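Have a look at the structure below, then the notes.
In our numbering, the protein residues as written are 1189 to 1372.
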């Protein structure tokens, strides 16, 4: 069975960047060579991406014009996009998931293949977490506070997480790998 991995970059106070470019101005300088290597390794683990509409639209504006092995990988991967407003056909090697999102993603997990990767946290993450579909959270915690914007687990149910691994990078970024625990 395929695993679902959620990767998210946050500040120490739990803020996520999303569309806020000020967050990314703080974040990008801390992408040291070892952080970039970690992200590249993560990118080459799965064989498909899971995305909500906002992530899909943001990525689709940027990645198709980029060059290099990371861009080639992201651009060539199948993307499964959840949305109530987008219509088929989608561009950029993407397929639309509508209706019972949890059920459709459960079917994707049953298909042969490598893991499925979601970048960022949002409504899709909440849906998958409530349905018990997420196998691992990979948080990159960046050594700055941001003070504003959406928080990583904002408006989500209480979930116990088991720590699988930690790693500290040369820039002070810390990777935290967690496995959501199923309710007893």
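Every residue, glycine too, gets a C-beta built ideally from N, C-alpha and C.
Since this is a predicted model, take the numbers as computed values, not measurements.
- Taking residue 1336 as reference, the option from 1281, 1230, 1291, 1203 with the minimal CA-CA separation is 1203.
- Rounded to the nearest angstrom, the gap between the Cα atoms of residue 1358 and residue 1201 is 20 Å.
- Under the rule that a run must span 3 or more residues, the beta strand (DSSP E) segments found entirely inside the region 1194-1282 read 1236-1240, 1267-1270.
- Counting only the Cα atoms, residue 1259 lies some 7 Å from residue 1252.
- Sequence-distant partners of residue 1353 (beyond 5 residues in either direction) whose C-beta falls short of 7 Å from its own C-beta, in its chain, are 1365.
- For residue 1313, the secondary structure class from DSSP, reduced to helix, strand or coil, is helix.
- A residue is called buried once 16 or more other Cβ atoms fall within 10 Å of its Cβ, and residue 1304 is buried on that count.
- With distances taken between CA atoms, residue 1224 lies nearest to 1356 out of 1356, 1210, 1271, 1320.
- Contact between residue 1363 and residue 1339 is absent: CB atoms are separated by about 19 Å, not below the 8 Å threshold.
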